[in-house]
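Notes for the one structure printed next.
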Amino acid sequence: MEATATLDTLTHKKIHNRFKLNGFHLNYEDMCRVAYSFIKEGDDYEKHIGNFLLEWLDDDLYIEVETSGTTGKPKLIRLEKQAMIQSALATGDYFNLEPGNKALLCLSAKYIAGKMMLVRAMILGLELDISTVDSNPLAFNDNKYDFAAMVPLQVENSLDKIKNTEKIIIGGAPVSKTLIEKLTKRKVNAFETYGMTETITHVAVKKIGTDSFKTLPHINLSKDDRDCLVIHAPKILTEDVITNDVVNLVSEHEFQWLGRIDSVVNSGGVKLFPEQIETKLQDFITDRFFIASESDEKLGQKLILVIESKEKEIAKNIFNHLEKFEKPRSIYFVTKFVDTKTGKLNRKQTLDKIVK
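Letter 175 of the sequence shown, counting from 1, is numbered 175 in UniProt numbering, and no numbers are missing.
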């Protein structure tokens with residue numbers, strides 16, 4: 001890759017000479033002018049781009065980013081710009097991205113996923129097109145792209161044109177079994193990502209249709225005494241990240257995700273992962289739903305099913321294919337789930353809405 005030839009001299013102010021934004025070559029001074037223009041005259045998604053570009057191009061060696069708040073209260077964390085550059089290079093190496101490749105930005109630059117698409121383009125020399133941030137970013141776009149990042153809903157709504165993108169990474173939420181089947185049928189070169197704001201987006205990816213996540217370059221894995229994943233990435237992390245994700249560790253570069261340790265349900269001495277049960281139910285429930293638990297005198301905890309629906313009924317036979325201990329003991333209906341600012345389900349706040 002051309003960009004790797006001068007790794008020692010790469011800084012956040014060094015814009016790759018092949019970088020383009022919406023078809024125009026831009027250097028450092030051009031980027032500042034475009035950023036000011038976006039902030040002054042642009043739509044909301046363009047204002048977020050402008051704000052990030054000015055933050056990226058200033059003299060500070062770090063940026064502050066808000067976490068998604070999926071598993072807790074959103075918080076501001078500092079990310080070193082040099083670490084973000086290393087993350088961009090690792091993604092470029094893994095996906096064989098070359099200067100001049102075309103990429104699409106259809107995620108909000110207010111959050112890390114959108115910010116990193118801009119960083120990858122500036123560092124790797126990609127030709128980046130900016131799209132409105134909505135649920136169907138390819139609706140009026142017939143261009144062909146080498147690389148794009150989307151959330152599952154965007155992919156679902158873009159299936160008719162998804163083959164126009166050679167490589168696509170999918171993050172922000174788990175990819176459903178139904179969507180996996182649709183992508184496999186269309187032979188789309190798509191990858192589910194694993195990562196978080198603290199790891200500067202993804203540190204591992206799983207090709208759609210396979211079982212295991214594999215790490216990007218220069219990232220090693222281990223497990224702690226809870227069987228939770230520990231990420232060692234000295235080029236992007238100042239210290240190891242100890243996650244709450246229970247995994248089956250295949251090797252120091254590969255793992256299978258089982259579920260969150262903080263969502264594991266101990267029902268009558270049997271440990272159950274809600275995420276695995278949710279996968280088994282995906283083909284049988286059309287509304288949004290999730291598996292959780294509540295206290296039970298006999299079992300300690302019992303499984304519950306929470307469904308986003310105005311209806312209060314569900315077919316009795318949807319649990320027939322589940323194991324005995326996997327069957328929910330209670331079903332609750334919530335008119336509207338609570339989501340985080342990034343569109344992810346906030347399970348805790350949604351559970352608080354349940355009227356028992």
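The C-beta atom is built at its ideal place from N, Cα and C for all residues, glycine as well.
Here the structure is a predicted model, which means the values were calculated and not measured.
Please say whether residue j and residue i have beta carbons closer to each other than 7 Å?
i, j, result
"Lys-115", "Phe-19", "no"
"residue 369", "Phe-147", "What is shown of the chain runs 1 to 356, which leaves residue 369 out entirely."
"Lys-327", "Phe-319", "yes"
"Leu-153", "Ser-135", "yes"
"Leu-124", "Leu-107", "no"
"Leu-138", "Leu-105", "no"
"Met-84", "Ile-231", "no"
"Val-250", "Gln-301", "no"
"Ile-15", "Met-117", "no"
"Thr-287", "Glu-308", "Per the sequence shown, the amino acid found at residue 287 is Asp instead of Thr. Yes; because the gap between Cβ atoms is below 7 Å, this pair is in contact."
"Ile-236", "Gln-86", "yes"
"Thr-197", "Thr-67", "yes"
"Glu-192", "Val-203", "no"
"Asn-344", "Ala-173", "Note that residue 344 is Lys in the sequence shown, not Asn. Yes, the Cβ-Cβ distance between Lys-344 and Ala-173 is below 7 Å."
Is it buried or exposed, residue i, if we count other Cβ atoms within 10 angstroms and call 16 or more buried?
i, result
"Pro-234", "exposed"
"Ala-190", "buried"
"Gln-349", "exposed"
"Tyr-111", "buried"
"Tyr-28", "exposed"
"Tyr-194", "buried"
"Arg-186", "exposed"
"Asp-225", "exposed"
"Asn-101", "buried"
"Arg-120", "buried"
"His-48", "buried"
"Glu-181", "exposed"
"Glu-41", "exposed"
"Ala-347", "Just to set this straight, residue 347 is Arg in the shown sequence, not Ala. Buried, since its Cβ has 16 or more Cβ neighbours within 10 Å."
"Ala-3", "Here Ala-3 scores only 42 on pLDDT, less than 50, and its place in the model is too uncertain to base an answer on."
"Gly-268", "exposed"
"Gly-23", "exposed"
"Ser-37", "exposed"
"Ile-291", "buried"
"Leu-61", "exposed"
"Glu-46", "buried"
"Phe-95", "buried"
"residue 436", "This structure leaves residue 436 out entirely; the chain is present only between 1 and 356."
"Phe-273", "buried"
"His-12", "buried"
"residue 357", "Residue 357 is absent from the model: the chain starts at 1 and stops at 356."
"Met-1", "Only weak support exists for where Met-1 lies, its pLDDT of 41 falling under 50; the coordinates are left without a value."
"Val-34", "buried"
"Val-270", "exposed"
"Leu-76", "exposed"
"residue 361", "With the chain covering only 1 through 356, there is no way to say anything about residue 361."
With distances taken Cα to Cα, identify the nearest neighbour of residue i among the options.
i, options, result
"Glu-254", "Leu-237, Leu-216, Met-196, Lys-110", "Leu-216"
"Phe-325", "Leu-303, Leu-10, Ile-331", "Leu-303"
"Pro-74", "Leu-351, Lys-348, Lys-341", "Lys-341"
"Glu-64", "Ala-109, Leu-105, Val-338", "Ala-109"
"Ile-208", "Asp-142, Glu-198, Thr-197, Ile-170", "Ile-170"
"Cys-228", "Asp-262, Glu-239, Ala-204", "Asp-262"
"Val-241", "Ser-222, Leu-258, Gly-259, Asn-248", "Ser-222"
"Asp-245", "Asp-287, Met-122, Phe-213", "Phe-213"
"Glu-313", "Gly-268, Tyr-62, Glu-80, Thr-335", "Thr-335"
"Trp-257", "Gln-276, Gly-268, Glu-323", "Gln-276"
"Ser-131", "Val-270, Glu-156, Ala-103, Met-122", "Ala-103"
"Gln-82", "Ser-176, Val-151, Asp-59, Tyr-94", "Asp-59"
"His-321", "Thr-279, Val-175, Leu-54", "Thr-279"
"Thr-178", "Glu-297, Ser-330, Gly-172, Glu-156", "Glu-156"
"Ser-330", "Glu-294, Asp-44, Val-338, Arg-78", "Glu-294"
"Ala-315", "Leu-281, Lys-344, Leu-299, Asp-296", "Leu-281"
"Asp-211", "Thr-243, Leu-10, Met-196, Asn-248", "Asn-248"
"Leu-351", "Gly-50, Phe-337, Gly-92", "Phe-337"
"Ala-88", "Leu-126, Asn-17, His-25, Leu-26", "Leu-126"
"Val-306", "Phe-289, Val-151, His-25, Met-150", "Phe-289"
"Asn-141", "Met-31, Lys-161, Ala-149, Met-150", "Lys-161"
From the DSSP output, which residues share a beta bridge with residue i?
i, result
"Ile-169", "Ala-149, Phe-191"
"Glu-80", "Tyr-62"
"Asp-87", "Correcting the residue type first, residue 87 is Ser in the shown sequence and not Asp. Ser-87 is not bridged to any residue."
"Asp-339", "Leu-345"
"Lys-20", "His-25, Glu-127"
"Lys-102", "Glu-127"
Sequence ranges, alpha helix (DSSP H) only - wholly within the stretch 258-333, length at least 4: 274-281
Which runs of the beta strand (DSSP E) at least 3 residues long sit entirely within the stretch 105-167? Give them in chain order. 127-130, 145-150
Taking only runs of the alpha helix (DSSP H) that begin and end inside the stretch 27-52, which ones reach a length of at least 4 residues, in chain order? Fully enclosed alpha helix (DSSP H) runs of no fewer than 4 residues occupy 28-41 of the stretch 27-52, in order along the chain.
What are the uninterrupted segments assigned as alpha helix (DSSP H) that are 4 or more residues long and contained completely in the stretch 182-255, given in chain order? none
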